[in-house]
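To keep things clear, I will list the structure first and then write my remarks on it.
Residue numbers (the working numbering): 16 to 886.
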C-alpha cells in the first residue's frame with residue numbers, strides 16, 4: 016500500500032510539472048490557433064473555425080517541437096486551401112462523399128485505437144515480463160557475485176597456502192584477475208542500470224504519448240477531424256517507432272547481456288583453468304619441495320647417524336686410551352718392581368764392598384808410611400844391630416810376604432769378581448738405560464695420547480653442538496613438513512593413511528630378539544602379572560594357557576578365544592601385545608555386519624573420500640617402518656554377533672596364503688586412486704601383513720551366531736580357564752620391544768627340531784583305530800590343514816615347556832572332538848561314544864604317550880552324560 020501511495024504521489028507531481036510547462040506554452044499555441052481561425056475565416060467567411068483544443072499538445076512536453084512542426088504544416092495546408100477555394104463549390108458533392116468516407120475512416124480509426132490499446136496492454140505485459148527477466152538477471156548476477164566471492168575465497172586460501180618463494184607473484188596475478196572481474200562486473204551493472212533507465216524513460220514517453228493521443232482523440236471528437244487523423248497517424252507512427260526502438264533496445268540489451276555473460280563465463284572459465292593450472296603447479300612444487308625436504312631430512316638423519324657413530328667411536332677410543340694407560344702403568348709396575356728392588360740390593364752390597372776395599376787400601380798405605388818412618392829411624396844404628404834387626408825384619412817380612420801373598424791372591428780374585436760384577440752392573444745399567452729410554456718414549460706417547468684425547472674431547476664437544484643444531488634443523492623441517500602434509504590432506508582420499516606414512520616413517524630402534532621359548536613363556540606370564548604397568552591391572556594367567564596361546568600364534572593368524580565372562584579373553588590379547596611391545600587395535604563387532612566394508616570402511620564416490628575404519632588403519636600401520644617388525648593384533652570383540660563367514664570372508668582367503676604371497680590382500684577400490692598412500696597395492700588394495708593376528712572373543716547365547724566348520728578349521732580355538740592365583744614376579748623390564756622376525760624364527764626352529772617326531776605321530780594317527788572309528792561311524796576326518804597345524808602347534812608347545820601329548824590333546828579336542836563335529840550329535844548312540852573313548856585310549860598307547868588325553872576324554876564323557884540325561 017505504501018508503495019502504491021508513493022506511486023500516486025509521483026504521478027501527481029509529474030502531472031503538476033507537465034501542467035506548469037503547458038501554461039508556459041499556452042500563449043504560443045493560442046496565437047497559432049488565432050492565426051488558423053483568421054485564415055479559415057478568409058477562406059470560409061460563412062463558417063467560423065472550430066476552437067482547437069490544444070491541451071493534448073500541451074500535455075506532451077517531450078513532443079512540443081513535433082507539435083510546432085505539425086502546426087506549421089497546418090498553416091501550410093490553410094494556405095493551400097486559399098488557392099483551392101474556387102474549387103470548393105465544385106467539389107461540394109465530393110465533400111459529402113468524403114464525409115461518408117471520413118466516417119468510415121473514423122470507424123477504422125476507432126478500431127485502430129482499440130488495436131493500439133490491445134497492443135499497449137501487450138506492451139505492458141511484455142514490460143512485466145521484461146521486469147521479471149531483469150529480476151532473473153539480477154538473481155543470476157547475484158549468483159555470479161556469490162561465485163566470484165567463492166573464487167575470491169579460494170584465491171585467498173591459495174594465497175594463504177602459497178609458499179614464500181612464489182607468493183608475491185601469484186598474489187599480484189590473482190589480485191589483477193580479481194580487479195578485472197570486479198571492473199567487468201561494475202561495467203555490466205552500469206550497463207544494466209543504463210538500460211533500465213532508458214526503458215523507464217521510454218515507458219514514460221509512451222505514457223505521455225498515450226495521454227497526448229487521448230487528448231487528440233477528444234479534439235477529434237470535438238470536430239478537428241483532419242488534425243485528429245494526422246495526429247493519430249503521427250502518434251501511431253511514433254508509437255511504432257518507439258515500439259521498434261524498444262524492441263531494438265531490448266534485443267540490444269539481450270545481445271549485450273548474452274555477450275557479457277558469455278564473456279564473463281569465458282573469463283571465469285579461463286580464470287578457473289588458470290587457477291587450476293596454478294593449483295597443479297603449486298601441488299607439483301609442493302610435492303617437489305616435500306621430496307626435497309624429505310631428502311634433506313634423510314641426509315640430516317644420515318649425518319646424525321654418522322655423527323652418532325663417530326661419537327660412539329670417539330667414546331670407544333677414549334675408553335681404549337684409558338684402559339691402555341692403566342694397563343701400561345700396571346705392566347711397568349709389575350715388570351720392573353722386582354728388578355729395581357734386586358738391583359737396589361746389589362748396588363747397596365757393591366757400595367759396601369767398595370767401602371771395605373777403600374778401608375783396606377788406607378790401612379796398607381798407613382803401613383807403608385810406618386815402614387818409611389822406620390827406615391829413616393834406622394839410618395844411624397850400627398850394622399850388627401841393623402843386621403840382626405834386618406834378619407828379624409826379613410823374617411818378619413817373609414812372614415808378612417807369605418801373608419801378603421795369600422792376601423794378594425784373595426784380593427786379585429776379589430778384584431776380578433768385582434770387575435765382573437761391575438761389567439754385569441754396566442750391562443744392567445745399559446739395559447736399565449734402554450728401558451728408561453723406552454719408558455720415556457712411552458711417556459711421550461702417553462703425553463701425545465693425552466693431547467689427542469684432549470683434541471678428541473674438543474671434537475666431541477663440537478660434534479655434540481653440531482648434532483644439536485642438526486636436531487633443531489630436523490625438528491624445524493619435520494614441523495614444516497607436517498604443516499605441508501596437513502594442508503595437502505584436504506585433497507586426499509585416505510587422509511589418515513597418508514598421515515601414518517609421515518608419522519610412522521622411522522624404523523623401530525632397540526628391538527630385542529626373542530629368547531628361547533621356554534624362557535619367553537615365563538617372561539610373558541610375569542610381564543602380564545607385573546605391577547609396572549601403571550594404567551593396567553596385573554593379570555595372573557596359568558602357564559598352560561599362556562603356552563597354548565603362544566603355540567596358537569605359530570599355528571594360525573586367526574584366533575577364537577572362548578570361555579566364561581570374566582576369564583580375561585580380551586585382556587589376554589591386549590596384555591600379550593603390551594608385553595612384547597606391539598600394537599593392539601580393539602574393534603567392536605556390530606550385529607548386522609554383512610561384508611568387508613563393515614570392517615574396513617567404504618568409499619564415498621560423491622565426496623571422493625574413503626571412510627577409513629580402525630581395522631583398515633591397523634592393517635596399514637602394520638606395514639609402516641615403525642611397526643613392520645613388531646607384533647600387531649586386531650582384536651575382534653564379540654566377533655560372532657555377526658557371521659564371520661560373511662564380513663570376514665575375504666580375510667579367510669587371504670590368511671590361507673603364504674605371508675610373502677603378493678596376492679595376500681583385500682580389495683578396497685574397484686579402480687586405482689591417483690593420490691593413494693604408497694603402501695596400497697596397485698593404489699586400491701590393502702595388504703594383509705604377516706605380522707598381524709586377528710584375535711576374536713566369542714560368547715555363546717541367544718544374541719550370537721554359531722561359527723561354521725570352515726571357521727573352526729582355519730582358526731586356533733582355545734577356552735580360557737579360571738585365572739591362576741597370585742604369584743611373585745621377579746624384577747621385570749617393561750621397556751623391552753621384541754623383534755617379530757626373531758619370533759617367527761623361533762617358531763620355525765622349533766618346527767624343524769620336532770618335525771620328525773610329530774610326523775611319526777601323525778603317521779601313527781592315520782593308521783589308528785580312533786581315525787577308523789571317526790571316519791566310519793562319526794563321518795569325521797581330517798586333511799592336510801590339520802597336519803600342517805599340528806606340526807606348528809605341537810612343536811612350539813613342546814619347545815616352550817609342554818609335552819607332545821598335551822599339545823596333541825588340545826589340538827584334536829578343539830578340531831575334531833568339539834560340539835558340532837564329532838560331539839553333540841543326535842545320530843550317534845551312547846555305545847558309539849564309549850567305543851570311541853576306548854579307541855582314543857588305545858591310540859594313545861600306540862603313540863607311546865605317557866599322559867592321558869584329558870581334554871579329548873572330557874569331551875567324550877560330557878557327551879555321554881548328555882546322552883544319559885536324555886538330552
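Ideal Cβ placement from N, Cα and C applies to all residues, glycine included. Keep in mind it's a predicted model, so treat the numbers as computed, not measured.
Starting from the Cα of residue i, find the closest Cα among the options and give me that residue.
i	options	result
residue 885	712, 822, 868, 839	839
residue 657	713, 369, 777	713
residue 595	684, 529, 454	529
residue 819	836, 774, 843	774
residue 715	653, 641, 868, 860	653
residue 628	592, 673, 667, 683	683
residue 690	208, 119, 257, 298	298
residue 312	367, 270, 490, 686	490
residue 696	634, 777, 254, 793	634
residue 822	859, 788, 787, 850	859
residue 874	857, 803, 842, 835	835
residue 791	826, 761, 757, 847	847
residue 536	269, 204, 843, 761	761
residue 841	882, 209, 808	882
residue 602	726, 756, 631	631
Could you tell me the boundaries of the beta strand (DSSP E) in which residue i lies?
i	result
residue 835	Element bounds for residue 835: n/a, residue is neither H nor E.
residue 713	707-713
residue 872	First-last for residue 872: 869-884, but that is the alpha helix (DSSP H), not the beta strand (DSSP E).
residue 576	573-577
residue 862	Looking at the DSSP string, residue 862 is not in any beta strand (DSSP E); the run it does join, the alpha helix (DSSP H), is 845-862.
residue 651	647-652
residue 680	680-682
residue 774	Where residue 774 is concerned, there is no enclosing beta strand (DSSP E), although the alpha helix (DSSP H) it sits in stretches over 755-781.
residue 603	598-603
residue 693	Segment: none, residue 693 is in no beta strand (DSSP E) and carries neither H nor E.
residue 702	700-702
Please look up how many angstroms separate the CB atoms of residue i and residue j, rounded, as I've assumed it's under 8 Å.
i	j	result
residue 831	residue 855	Wrong, their Cβ atoms sit about 10 Å apart, outside the cutoff.
residue 735	residue 516	Not confirmed; about 38 Å, so no contact.
residue 592	residue 646	6 Å
residue 814	residue 532	5 Å
residue 753	residue 527	6 Å
residue 588	residue 648	5 Å
residue 892	residue 732	The structure shown has nothing for residue 892, since the chain only spans 16 to 886.
residue 766	residue 806	6 Å
residue 667	residue 741	About 40 Å; that fails the 8 Å criterion.
State buried or exposed for residue i, treating a residue as buried only when at least 16 other CB atoms are found within 10 Å of its CB.
i	result
residue 852	buried
residue 616	buried
residue 583	buried
residue 878	buried
residue 78	Bear in mind that the predicted position of residue 78 carries a pLDDT of just 47, short of 50, making it too unreliable to give a figure here.
residue 638	buried
residue 31	Its pLDDT being 48, under 50, residue 31 is placed unreliably in this model, and the value from its coordinates should be taken loosely. Classification for residue 31: exposed.
residue 620	exposed
residue 768	exposed
residue 579	exposed
residue 256	exposed
residue 369	exposed
residue 481	exposed
Could you pull the start and end residues of the alpha helix (DSSP H) that residue i belongs to?
i	result
residue 735	Neither: residue 735 is in no alpha helix (DSSP H) and is coded neither H nor E.
residue 750	No alpha helix (DSSP H) contains residue 750, which DSSP labels as neither H nor E.
residue 592	584-595
residue 727	724-729
residue 541	532-543
residue 636	629-636
residue 662	659-662
residue 567	558-570
residue 517	510-518
Taking 8 Å as the CB-CB limit, is residue i close to chain C?
i	result
residue 757	The structure shown has no chain C; it contains just one protein chain.
(message) Under 8 Å: do the stretch 696-709 and the stretch 562-582 share three or more Cβ pairs, one atom per stretch?
(response) yes
(message) So, does the stretch 595-612 touch the stretch 557-565, judging by three or more C-beta pairs under 8 Å?
(response) no
(message) Tell me whether the stretch 646-660 and the stretch 711-728 touch, counting them as touching only if at least three CB pairs, one residue from each stretch, are closer than 8 Å.
(response) yes
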